[in-house]
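**Q** One structure is given below, represented as structure tokens, and several questions about it will come after.
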Amino acid sequence: MQSFMIRFFDWCKCSPAQWQRLVAKANRTPIPAPAAGTTYDGNDLRTLGLQLARRGPEAYPKLAEAIKQALAGDASGFMPARPNPPYPYTPTPGVVECTDWPRPANQRELHRQVRRMEAAAPYTGASGTIAYAMLSCVGWPVPVQNEPAALPRGLPPLLMVGNWSEYDSASRVIDQVPGSGSVYHDGPGHTLYMVNACARAKIDAYFADRVVPPRGTRC
Numbered sequence: 028m029q030s031f032m033i034r035f036f037d038w039c040k041c042s043p044a045q046w047q048r049l050v051a052k053a054n055r056t057p058i059p060a061p062a063a064g065t066t067y068d069g070n071d072l073r074t075l076g077l078q079l080a081r082r083g084p085e086a087y088p089k090l091a092e093a094i095k096q097a098l099a100g101d102a103s104g105f106m107p108a109r110p111n112p113p114y115p116y117t118p119t120p121g122v123v124e125c126t127d128w129p130r131p132a133n134q135r136e137l138h139r140q141v142r143r144m145e146a147a148a149p150y151t152g153a154s155g156t157i158a159y160a161m162l163s164c165v166g167w168p169v170p171v172q173n174e175p176a177a178l179p180r181g182l183p184p185l186l187m188v189g190n191w192s193e194y195d196s197a198s199r200v201i202d203q204v205p206g207s208g209s210v211y212h213d214g215p216g217h218t219l220y221m222v223n224a225c226a227r228a229k230i231d232a233y234f235a236d237r238v239v240p241p242r243g244t245r246c
């Protein structure tokens, strides 16, 4: 997720340190957002800022202006467009995440995990990650059933389709399966099957006719 903010910083030619100071300031004293009728702390700004950055260049001017206004004491520019609520989206993982993904057993483990993510991604921390979503799994009555493990042997070639944030991490999976292919979208977007005709055609051909495109095919 941090890569989206880095692309924004490159676009605006602004200092990431300024963003970090804003987040730290808001965590000490939440910044009023009069248009939203609330205040935003640093974690709110990270989550809302990341939502804008993930939309790519079309949203960069709005994010830049939101940061400028927040530095002046008004964080209203981070308010999501209606009809979304004025605060960051509440993480709502489904049954799959809560039963498949290891979750902190106690507050100490949670803080340890957050510290690791802060060190690895100082601009976004846990915002927009599975770890953030897993907060909703605290107290889930069913134990983890299917923890991440090594891929089984003998899998058929896989197809991976990814964008800026997904491609590199998912490539580590298909690297383990000989003959696998991949499609790269040089831009933002998630669930490319719904919005990218080129990617949709490659995915359809893979499932219908077992056609595996070469690694790094562009869409």
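Those letters in the sequence shown? Residues 28 to 246, per this note's numbering, in order.
Glycine included, each C-beta is placed from N, C-alpha and C at the ideal position.
1) Could you give the DSSP three-state label for V188: helix, strand or coil?
2) Between which two residues does the alpha helix (DSSP H) carrying A97 extend?
3) Between the Cα of P240 and those of P215, I201, G216, spot the shortest distance and give me the residue it belongs to.
4) Between the segment 128-135 and the segment 94-108, do at least 3 Cβ pairs fall closer than 8 Å?
5) Note down, in chain order, each residue of its chain lying with its Cβ closer than 8 Å to the Cβ of Q172, except the 5 sequence neighbours on either side.
6) Can you tell me whether Y150 is helix, strand or coil according to DSSP?
7) In angstroms with no decimal places, state the Cα-to-Cα distance between P263 and R245.
8) Is DSSP giving V238 helix, strand or coil here?
9) Here's the rule I'm using: 16 or more other beta-carbon atoms within 10 Å means buried, otherwise exposed. How should S196 be labelled?
10) Examine the Cβ distances between the segment 29-42 and the segment 80-95 and report whether three or more of them are shorter than 8 Å.
11) Drop a sphere of 10 angstroms on the beta-carbon of D231, count the other beta-carbons inside from all chains shown, and report buried for 16 or more, exposed for fewer.
12) Using CA coordinates, which residue listed in D71, I58, A63, A62 is at the minimum distance from G155?
13) Residues in its own chain within less than 7 Å of A226 by CB, not counting five upstream and five downstream?
14) Between which two residues does the alpha helix (DSSP H) carrying P59 extend?
15) Return yes when the Cβ of L77 is within less than 8 Å of the Cβ of M144, no when it is not.
**A** In short, the structure shows the following:
1) Mapped onto the sequence shown, residue 188 falls at position 161. Of the three classes helix, strand and coil, the one that applies to V188 here is strand, per DSSP.
2) As a working mapping, residue 97 is identified with position 70 in the sequence shown. That run of the alpha helix (DSSP H) goes 87-98.
3) As a position in the sequence shown, residue 240 is number 213, starting the count at 1. Ranking P215, I201, G216 by Cα distance to P240 puts I201 first.
4) Here the segment 128-135 makes no contact with the segment 94-108; the two share fewer than three CB pairs at distances below 8 Å.
5) On the sequence shown, residue 172 is found 145 positions in, with the first residue counted as 1. So the qualifying residues of the chain are T126, D127.
6) By 1-based counting over the sequence shown, the position of residue 150 is 123. Coil at Y150, not helix or strand.
7) Summary: the structure shown does not reach residue 263, with the chain confined to residues 28 through 246, and so no result is reported for it.
8) Position 211 of the sequence shown, counting from 1, holds the residue named residue 238. DSSP places V238 in coil when its eight states are reduced to three.
9) Within the sequence shown, numbered from 1, the residue matching residue 196 stands at position 169. In the assembly as shown, S196 is an exposed residue. Its beta-carbon has fewer than 16 other beta-carbons within 10 Å.
10) Touching, per the Cβ criterion.
11) Mapped onto the sequence shown, residue 231 falls at position 204. Exposed, since its Cβ has fewer than 16 Cβ neighbours within 10 Å.
12) Position 128 of the sequence shown, counted from the start, is the residue given in the question as residue 155. Out of D71, I58, A63, A62, D71 has the C-alpha closest to the C-alpha of G155.
13) One-based indexing of the sequence shown puts residue 226 at position 199. Taken in chain order, the residues that qualify are V188, V210, H212, L219, Y220, C246.
14) The residue given as residue 59 occupies position 32 in the sequence shown. Element bounds for P59: not the alpha helix (DSSP H) but the beta strand (DSSP E), 58-60.
15) As a working note, residue 144 is residue 117 in the sequence shown. As a working note, residue 77 is residue 50 in the sequence shown. No, the pair does not count as a contact, with Cβ atoms beyond the cut-off.
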